[in-house]
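*Asks:*
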Amino acid sequence: MTKPVTTLELLKMKEEKQPITMLTAYDYPTAVMVDSAGIDVILVGDSLGNVVLGYDTTVPVTMDHMVHHVQAVTRGVKRALVVADMPFMSYHISAEETMRNAARLLQEGGAKAVKIEGGHQVADKISKLTGAGIPVMGHLGLTPQSVHQMGGYRVQAKTAEAANKLLEDARVLQQAGVFALVLECIPAQLAKQVSEELTIPTIGIGAGADCDGQVLVTHDMLGINAQFKPKFVKRYANLHQDIMQALETYRDEVKQRQFPAAEHSFSMPGEELKKLY
Ligand code: KIV
-19 MTKPVTTLEL LKMKEEKQPI TMLTAYDYPT AVMVDSAGID VILVGDSLGN
31 VVLGYDTTVP VTMDHMVHHV QAVTRGVKRA LVVADMPFMS YHISAEETMR
81 NAARLLQEGG AKAVKIEGGH QVADKISKLT GAGIPVMGHL GLTPQSVHQM
131 GGYRVQAKTA EAANKLLEDA RVLQQAGVFA LVLECIPAQL AKQVSEELTI
181 PTIGIGAGAD CDGQVLVTHD MLGINAQFKP KFVKRYANLH QDIMQALETY
231 RDEVKQRQFP AAEHSFSMPG EELKKLY
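Counting along the sequence shown from 1, when you hit position 66 you're at 46 in our numbering, and nothing is skipped either side.
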């Protein structure tokens, strides 16, 4: 029996200086593979908006989209801690709505924790959730739900003033009870300082090598979208090329009547064949 990863175990991993691994999944087969590979945390990110739903940003992603995809992922996971993103505006309107939405991700979706973007502005909501026993992961730096406010996807906290604000937000989030903190697209020196100061684990994406763990979008690290290759992504496979090659070979083999071959076909016993009219 596989022992599921818990938030306490992630804390222990930080204390023991064992790097934490995290990847995204939005569907059952990907979740099965990521979990079988021994990845510690699976994030059902609202990046599903860009990555699999074809939107330009994460802003159009709704609670219903999230619940649907979280359900598919949790059906496939035995060991990893499944964290579900709370989508745009699902945690801003009121504390009551925030609680109800987070509860849906756990009760209907089967997630074990939720992730919320933002600093001191969302700390009160985070305290309410953690007070109700819902584990929350924080997210600072490049927060894609604020893309229109940030004026695009760009590295954050490059000035000392902005870096100090981020550091202060990180302290506030830890105080509010987050069990881990994603740091996205910030200078490596700042991520190192946050990671050294906080007692909770930091998980970096475009935040250098000194975070307590690393996260990537699975589709990016597998090279599924040939167009998308930001600096912080390392491609561990080139599936776009492999998949295109397979699709084109299938097309050609059907057109040339090479597929299906005898080994892909079923045959009727001879005596039955004779009875056909
Ligand atoms: O939605 C997402 O995939 C994320 C990761 C990039 C951390 O928030």
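Each residue gets a CB set at the ideal place from its N, CA and C atoms; glycine is no exception.
List in chain order the residues whose CB is within less than 7 Å of at least one heavy atom of the ligand KIV.
*Replies:* Result: T4, L23, G25, D26, S27, T38, D65, K95, H119, P124, V162, E164, I185, V195, V197.
*Asks:* Would you tell me roughly how many angstroms separate the C-alpha atoms of F159 and I223, rounded to the nearest one?
*Replies:* Cα-Cα distance, rounded: 38 Å.
*Asks:* Cα-Cα, which of I73, V102, P115, Q87 is closest to A93?
*Replies:* The residue with the shortest Cα to Cα distance from A93 is P115.
*Asks:* Leaving aside the five residues before and after N288 along the sequence, list all residues of the same chain whose C-beta is less than 7 Å from its C-beta, in chain order.
*Replies:* Residue 288 lies beyond the residue range present for the chain, which begins at -19 and ends at 257; the question has no answer from this structure.
*Asks:* Would you kindly report the start and end of the unbroken alpha helix (DSSP H) that includes H128?
*Replies:* From DSSP, the alpha helix (DSSP H) with H128 extends over 127 to 130.
*Asks:* What separation, rounded to the nearest whole angstrom, lies between the Cα atoms of Q221 and L256?
*Replies:* Using only the alpha carbons, I get a separation of about 46 Å.
*Asks:* Does the pairing of the segment 208 to 215 with the segment 226 to 236 give three or more beta-carbon distances under 8 Å?
*Replies:* Touching, no.
*Asks:* Are the CB atoms of S27 and V197 within a distance shorter than 7 Å?
*Replies:* Contact: yes.
*Asks:* Measure the alpha-carbon distance for A189 versus M69 and round it to whole angstroms.
*Replies:* Roughly 32 Å between the two C-alpha positions.
*Asks:* Looking only at DSSP bridge pairs, what is G182 linked to?
*Replies:* Looking at the sequence shown, residue 182 is not Gly but Thr. The partner list for T182 (beta bridge, DSSP) reads L161.
*Asks:* Measure the C-alpha to C-alpha separation of A171 and G184 and round it to an integer number of angstroms.
*Replies:* Using only the alpha carbons, I get a separation of about 8 Å.
*Asks:* Note the first and the last residue of the continuous alpha helix (DSSP H) segment covering G111.
*Replies:* Run containing G111: 103 to 111, per the alpha helix (DSSP H) assignment.
*Asks:* Going by C-alpha distance, which of I106, G18, H49 is nearest L85?
*Replies:* Ranking the options by Cα distance to L85, first place goes to H49.
*Asks:* Between the segment 11 to 21 and the segment 49 to 64, do three or more beta carbon pairs fall short of 8 Å?
*Replies:* Touching, per the Cβ criterion.
*Asks:* Rounding to the nearest angstrom, what Cα-Cα distance links L146 and D44 in this structure?
*Replies:* Answer to the nearest angstrom: the Cα atoms are 31 Å apart.
*Asks:* Is it the case that the Cβ atoms of L122 and C191 are separated by a distance below 7 Å?
*Replies:* Their beta carbons are not under 7 Å apart, which means L122 does not touch C191 by this criterion.
*Asks:* Assign M2 to one of three DSSP states: helix, strand, or coil.
*Replies:* M2: strand per DSSP, three-state reduction.
*Asks:* What residue does the beta strand (DSSP E) around E97 start on, and which one ends it?
*Replies:* Counting along the chain, the beta strand (DSSP E) containing E97 begins and ends at 93 to 97.
*Asks:* Per DSSP, which residues does A64 bridge with? Please list them.
*Replies:* The partner list for A64 (beta bridge, DSSP) reads V24, V94.
*Asks:* As a quick exercise: from G193, P210, H199, A156, pick the residue whose alpha carbon is nearest that of P(-1).
*Replies:* Comparing Cα-Cα distances from P(-1) to each of G193, P210, H199, A156, the minimum goes to G193.
*Asks:* Look at the alpha carbon of A64 and the alpha carbon of Q155, and state the distance between them as a whole number of angstroms.
*Replies:* Computed Cα separation, rounded: 21 Å.
*Asks:* Assign H72 to one of three DSSP states: helix, strand, or coil.
*Replies:* H72: coil per DSSP, three-state reduction.
*Asks:* Please confirm whether any heavy atom of the ligand ADP lies closer than 6 Å to the CB of A82.
*Replies:* For the ligand ADP, the structure offers nothing, since it holds only the ligand KIV.
*Asks:* Could you have a look at Q225 and say whether DSSP puts it in helix, strand or coil?
*Replies:* Helix, per DSSP.
*Asks:* Can you tell me which of T(-18), T78, L109 puts its alpha carbon nearest to the alpha carbon of G157?
*Replies:* Ranking T(-18), T78, L109 by Cα distance to G157 puts L109 first.
*Asks:* From D36 to Q51, what distance separates their C-alpha atoms?
*Replies:* Taking the straight line from one Cα to the other gives about 24 Å.
*Asks:* To which residues of the same chain is T(-18) closer than 7 Å at the C-beta, ignoring the five residues directly before and after it?
*Replies:* Here the set comprises K58, R59.
*Asks:* Which value, in whole angstroms, describes the spacing of the CA atoms of E88 and L253?
*Replies:* Roughly 52 Å separates the two Cα atoms.
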